[in-house]
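Read through the structure below, which is laid out as structure tokens, and then see the notes.
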Amino acid sequence: MKQNFTKPILKMVLGVIFYLLIPWSAFAQNKISGTVVDNKNNPLPGVSVFEKGTKNGTTSNGDGKFSITLTKPDAIITFRMVGYLAKELPAAGKSVLNMKLEDDNQSLSEVVLIGYQTIERKKSSSAISSIKGKDFQNTPYASVDAMLQGRVAGLAVMSTTGEPGANNIVNIRGSSSVNLGGTSSPLYVIDNVVYDVNDMQSSAGSNPLAVINPNDIETIDVLKDASASAIYGSRAANGVIIVTTKRPKLGIPQIRLSSYYGMSGKPSLRSVITGASERRLKMDYLYGQGTYDRLQAGLSQILTDSLNVAFNNNTDWQGLFTQNAGIYNIDASISAAEDKYSYKFAVNKYYEEGVYKGYDFDRLTPSLFLMVKPSKAISVNTNIIYGNSKAKHGMGTGAVSPFITWGFPSSFFKVRELEEQLYSGTYDELRDDDRNTSLVANVQLNATLAKNLLFTSNYSYNTQNNTRNYFMPGVLGDGISRAFTEILQSRTWETTNYLTYNFKVKEDHSFSALIGQGAERATRNNSFVQGRNITIAGVKTVQGLAPGADLSGNSYTGQRSKLSYFARLSYDYKSKYLLQASYRRDASSRYSVDNRWASFPSVSLGWVLSEEEFLKPMKDVVSFFKIRGSYGLTGQDPGDFYAQYTTLTSAADYDGSGLANGIAGDRGQQNITTYNGTQVAYPFYYGPAASSTIKWETNKQFNIGADISFFKDRIMLTGDYYVRDTYDQVLAIPVPVTTGYTTLLANIVSTRNTGVELTLNTRNLGSASKLQWSTNFNIAYNKNYVIKLPNNGREITYGPPWLQQSLSLGLPLFYYKAWEQTGVYATLADVPVDPLTGDRLKNGATNQFYGAGDPALKDMNGDYIINDSDKINSGSPNPKYTGGMTNTFSYKNFSLSVLTTFVAGRQLRNGYLSDLLQDAGTDDPYYRWGVSSGPATHLTEGKTFWSPSNTNAEVAGLVRNTVDKWNIGSSAFVQNASFIRVKSIQLSYSLPQSIVKKFRMQGFRIYSVADNLYLKKYADVPDPELIEATGYYNGNTYSLPKKITFGLEATF
Amino acid sequence: MKSSKIFITATICIGSLLFASCKKFLDQEPISNPAEVNYWKTASDAESGVAGCYALLRTALNNKTIAYYAYGDLPTDQFSAVGSEDGQDISNLNLSIGVPASADYRPMYGLRRWDNFYRAIDQASSSIRNIPKIDFTTGQNGATKNSLIGEAYFVRAFSYFYMSRVWGDVPLVTTAVAAENAVNLPRASKEAVMAQCISDLKAAIPLLQYGYSSTTNRAIRANRGAAWALLAHIYAWQQNYTECLAATDSVITRGQYSLVNRASNYLSIYRGQSSEGIFEISMNAQNEGAINGIARYTTKAPYNTTNNGNALYTLNTTTLTELYSDTTDLRRKNSFAFLGTTDPICIKYANFQYSTQNNIVIPIAYNNIIVFRLADIKLLQAEALAALNRFTEAKAPLNEIRNAAGLLAYDGTDDNLFKAIIDERGRELFLEGHRYYDLVRLAKVKQIYAFGGTRMSESQFLRGKYYWPVDPTLIALNSLITQTPYWASSM
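Chains as they are written, first to last, in the numbering used here: chain B, 12 to 1063; chain V, 222 to 712.
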């Protein structure tokens, strides 16, 4: 019978009908028999069938059939099998009991999306990881990417800020971006709609994914290797994340309501000593180490008098900006599916208040899914997700507080109410209205043209609109009011049409073929208008300004298009030998006619050893064993929409120039556009020159992996090894100065990411145990390094002198350059002396000699001057190890899941510590310590500072700084950014069915989620995760708060 | 619907997308970014392209805010102390100091590089190539088209002349080359560079007009007068005083310029576009002023209300005393303040307007860079005549300038006349970017080394110290470029 229904959809539909038609009403008998099937109606052997509460049980045979003699007339029968959800059915009055078991997550028989097609996981020969939405649902974050940290081997997610709705760093198998501070975001595909976050723009760094409701996600498939992602061709170089939203379930209409409420706690901040004890601490230092005359003459007034009323002030500068904040989330949906139609309407509201005052994020997302089947052969569906979010960003300047670490004020100052409002962005007059609307919509036609031949036509439309209206009154900051309106709009339409054909030859040879074509056009429409000196009271937009220097604006339109052809062939022999090959050809309007087409082929092979006769005897030990390997090409668009064209500029600014209103114009800006009143135009020499030969960047990726399950899937292990080479990466290279340009964009750099990924899923207790405990552990090791550079591989250095980073052959991307600090000079005699001149070691920048209590920096070139040429490679911002562990416990109706994540082998540059020390270790503490917090801010844990009485110290002396000793370009400020975080704990309790049924509900669940509970760190920073993509940390970022929520979920 | 029908529809759908002008679908030209592909089409494109040449020249001469004065005035006896980053080293001609490549913001780094001049040159070459192809018939006449081409030649000649005066030999490129096709070039000899300048100017002069299309362009845009003035300076630099004389004659007799009254209106010269101005860099137009430039460095209150201390650059009081030994000199009286104190200032550029930003008062100076003016050319004529030993004739233009300044006629010997003319230039063109080159010519013609202090001894001069070194970063990127000989051993 099975062979007759190879068409998947029909098969499923009929399967369900079959399921519904099972004669539930039967007659009372002690002996009961039946068949257990999976959700594709394949018989399931090896299912434990038990009479509940007894030890009476059996196992289903090879055809999924079982037979059991019951001991009690009102017995309940439980069905359990690893990889499937346990089920229970009352057996009273029945003789035949057929059961269908639903897949559990991480099961091998589940289906994964591989782009335009699905494939059974066990038949896949690619490196694909999947996560179920329910594993992370109700985590209190605005966007889904923030919830994926530590869940998938090789998917590294790191926050750079804790601001609600902000962007994250998401890398699959490491970064290959050769732009300093750049990230290589994967391609997201949401319900067949390509959602390329690289194309999306935002005024204030908002996360484009934040308009998608994470609770509406059913599964996420992460395509890691080339064989999986190559079908997405030129966009897939950084991997692909396929998001599938929840679909209606077959059966009666279901109404689901869920909501949670919670709190974010004040973030942990730097600890400071305030008031009278602050003065005592500072004066102790100064009496101990300061000079008498400076103490007499130079002491800040605020420190002189111990009876000064200022010491009664103990302003908590950080407390001014932080608060305990609320979070809530409401989900409501109604859905139903029947043979001829299915629908789902859902709405989500999410609100997160900032733990820093003046910040918030608010989202409303209605969505609609509708499918109709007008005839047996045709189905049409549409899916529309409308996202609407609104955010506030404190002062709107990008800083969480007006005080940076350097010069953090002392607690002696008193703050007035107005200042407090101003500082914390709660001042009534400030207006920051940042709204994002997005529409992700698609219409899809599926038509069965002939037996096993399916035609699919998909049209999707995706538009993003970020409108920000900002008004800053003059009293905030510079005395001049400022307003701007910025509209960033992008819209993309894309159509794909493809044919799929599944067929078998002689039963054992299964083929699946796909051929298709696609076209895409993306448009950007941006406009910006800014006004200054708006003097009319109450006006908070750009109004009433005469044309001139105070009123400026511009608009931009850019357009690109792409054509593609693609094909895939999948073949397997008895599900034992697997082959998959795909080919895609893309053309982009970004490049010249000669360079616009590129091909992206891939091939993968798999061998399921456990299907071989020689392993069959070991079936009880090794239940599944597959080896797979793949190789393929993927691409990346490196360039601007108009990368092939030389652009002109109207910038007539020169060094030192200024507009009549006093705004400085710097060379290459576009404040001044005229020469003696005449509009100017010339090539944009200040940026890299365009090159007509610019083309795609190409990724070549090799992957070999294995999936092994032991003891009937009690232990499942997946391992992968990969080498991903990214060729022809675009970088600006120097050109002859006679061209007027300094650099030219060319496909010139190549990098490699290579690593190992391991995922281990275990069920730690037997299936008969009432307490179930499963563990997911994943770890990924990735190493990236540069394999090709221009100019015979000469090192390229970026960044200001004090924060140099380099691209260097064989070294990780953006390696830090820093002086190696070997310790602190205990005495003057320890400072090296130049035997030729008799001079001590000297600091090149300040021209001062090193002395006792100064940091000992290694003089690499032996010239007795510490300058930039003494810097050596000392760490990189790329994490080596990322991963996480999830432990899930369930007992009766309780379930508890704990996620711990970790990042290791990453270094940060501690600008925070450097700035603190700059302030504390100033050359003029007598005055500076009066106004600045200085040493009253917690500095280094358990470390001692050099002082004349304590010469054996790890940290240089605080008083006196002539050699710029806190310069961040020292290895003392390159620190281990590793951390372990107890990321998320979820506890839930489902009401027993007996109670739920009384209220005519299908289910009722209460839960609590605690997020970000514990952090183990190794660097002197509040949170080593929140560093910039460059690895720099300044201590002024929005901290990641602890969150706790309580929620309930009801289905009717 | 029947399966076959769907199949046909689908095939048509796919087919139409497959074949319906793929190429057109993929051809996307810039909509908002001006791009070279759709530029150089109309008369106004030509107009803004040439304005671009001048704007780039303005950028070059304001490189690190002071380039014009850093090359022309700082390393001379006019200053005793220069209080801005690298300023003192520039003033002392310590031009070989090490600057890390990462410190590209340093004036010493920027001023040793050529980038900005080649931008002006590249844009000029592109204008010379593209403007002739533009159809000017709509709303324009042929004369304008010609003068735009002539102006592009002028800007190129000026840029090369200026570079060659500073560095001597520089790479010579006379066509705009796409960056991807450019090849590394060695430094061409200064003779070849100057020959190119002269040939560009000879091409420019017939294309240019005598006057200006509008009074707003007066002295700002090159005309025949400006081209002759440049030619005169080129010949003077080459000590080809015969040709120099002919060029100055052309300026004076045919250029329609007249001296500004030194007593009543002297400072109007520096605001720009006076009756005396021949070629100026526009910095006095609305929104085109300078916040940070020579005016800010050389002034203090009450002329610059934002500086209540001393001027950042300190004038050399000895030089002032010697140059303006006749204290009745109207130029001394009208263009200096605080004379007799330890910190006298030059107020030629103190034409400030003030604006407030961030609660800070910002002085914005509205002065043009006065490159060539009539007094300069008259004194150059005198210099040429003196060099040609036509002393009597030489004294006429010299005395004309002296007379205008309220001084008596020159009463020195003929032997001292050349030096006296250079001194007169020093008085007349104080802080106008000429002194350094005047002193170089004085040294070449009369072997008098008057750079002041220990800047340049005779032997250093003879070894060519008066040419600037190139920044080592340029040599690192192009091994064909050699260091300026004098500096080769120290860099």
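Cβ coordinates follow ideal geometry from the N, Cα and C atoms, glycine included. The structure presented is a predicted model; accordingly, all values stated were derived computationally and were not measured.
For methionine 382 of chain B, the enclosing beta strand (DSSP E) covers residues 370 to 386. In the three-state scheme derived from DSSP, where H, G and I count as helix and E and B as strand, arginine 162 of chain B is classed as coil. Flagged as an interface residue toward chain V: alanine 700 of chain B, by a C-beta distance shorter than 9 Å.
Minimum Cα-Cα distance from glutamate 229 of chain B among the listed residues B/Gly144, B/Asn987 and B/Val844 corresponds to B/Gly144. In the displayed model, asparagine 972 of chain B falls within coil according to three-state DSSP, outside both helix and strand. Nearest C-alpha to serine 981 of chain B among B/Ser412, B/Met1012, B/Leu824 and B/Pro812: B/Pro812.
Taking the C-beta atoms as reference points, tryptophan 261 of chain V is found no nearer than 9 Å to valine 691 of chain V. Leaving aside the five residues that flank lysine 134 of chain B on each side, the residues in its chain whose CB is nearer than 7 Å to its CB run, in chain order, Asp583, Ser586 and Leu589. With respect to chain B, the C-beta atom of aspartate 632 of chain V has no partner C-beta closer than 9 Å.
Taking 9 Å as the cut-off, the Cβ atoms of glycine 674 of chain V and aspartate 298 of chain V count as close.
Counting only residues of its own chain and dropping the five nearest sequence neighbours on each side, valine 540 of chain B has a CB closer than 7 Å to the CB of Phe495, Thr496, Val553 and Gly564. Between glycine 476 of chain V and glycine 446 of chain V, the gap from beta carbon to beta carbon is short of 9 Å. For aspartate 718 of chain B, the enclosing beta strand (DSSP E) begins and ends at 708 to 721. Annotated as distal: isoleucine 342 of chain V and threonine 893 of chain B, with beta-carbon spacing of 9 Å or more. Every beta strand (DSSP E) of 3 residues or more that sits fully in the segment 286 to 337 of chain V is shown, in chain order, as 300 to 303. DSSP places valine 966 of chain B within a strand segment (E or B) once states are collapsed to three. Residues of chain V with a Cβ closer than 7 Å to the Cβ of glutamine 690 of chain B are, in chain order, Ser269 and Ala272. Taking C-beta separations shorter than 8 Å and ignoring five residues to either side along the sequence, the partners of glycine 309 of chain B in its chain run Asp935, Tyr937 and Tyr938, following chain order. Using a Cβ-Cβ cut-off of 9 Å, leucine 868 of chain B does not count as an interface residue toward chain V, since no Cβ of chain V sits closer than that to its own. Judged by beta-carbon spacing, tyrosine 1049 of chain B lies beyond the 9 Å limit of glycine 369 of chain B, meaning their Cβ atoms are not closer than that value. Its chain contains Asp736, Thr737, Tyr738, Asp739, Gln740, Val797, Ile798 and Lys799 as the residues whose beta carbon lies nearer than 8 Å to that of serine 761 of chain B, once the 5 sequence neighbours on both sides are disregarded; these appear in chain order.
In the structure shown, leucine 839 of chain B falls within a helical segment according to DSSP collapsed to helix, strand and coil. For glycine 446 of chain V, the enclosing alpha helix (DSSP H) begins and ends at 445 to 458. Within the same chain, Glu62 and Ala102 come within 6 Å of alanine 86 of chain B by CB-CB distance, once the 5 residues on both sides are set aside. Between arginine 374 of chain B and asparagine 394 of chain B, the C-beta spacing is not below 9 Å.
In the assembly as shown, methionine 871 of chain B is an exposed residue. Its beta-carbon has fewer than 16 other beta-carbons within 10 Å. Residues are counted here when their Cβ sits less than 9 Å from a Cβ of chain V; for the segment 570 to 598 of chain B these are Gln570, Arg571, Ser572, Lys573, Leu574, Tyr576 and Ala598, given in chain order.
Under the three-state reduction of DSSP, alanine 1061 of chain B is assigned to strand. In the three-state reduction of the DSSP assignment, asparagine 284 of chain V falls in the helix class. Scanning the segment 894 to 947 of chain B from its first residue to its last, the whole beta strand (DSSP E) runs of 3-plus residues come out as 905 to 915 and 918 to 921. For asparagine 687 of chain B, the closest Cβ of chain V is nearer than 9 Å. Listed along the chain, the chain B residues whose CB falls inside 8 Å of the CB of serine 253 of chain V are Ser566, Tyr567, Thr568 and Gly569.
Contact annotation: the segment 717 to 735 of chain B does not touch the segment 650 to 660 of chain B, with fewer than three C-beta pairs closer than 8 Å.
When Cβ pairs closer than 8 Å are counted between the two stretches, the segment 538 to 553 of chain V is seen not to touch the segment 696 to 707 of chain B, the count staying below three. With fewer than 16 other CB atoms across the displayed protein chains lying within 10 angstroms of its CB, lysine 781 of chain B is exposed. No Cβ-Cβ contact shorter than 9 Å links threonine 459 of chain B with alanine 524 of chain B.
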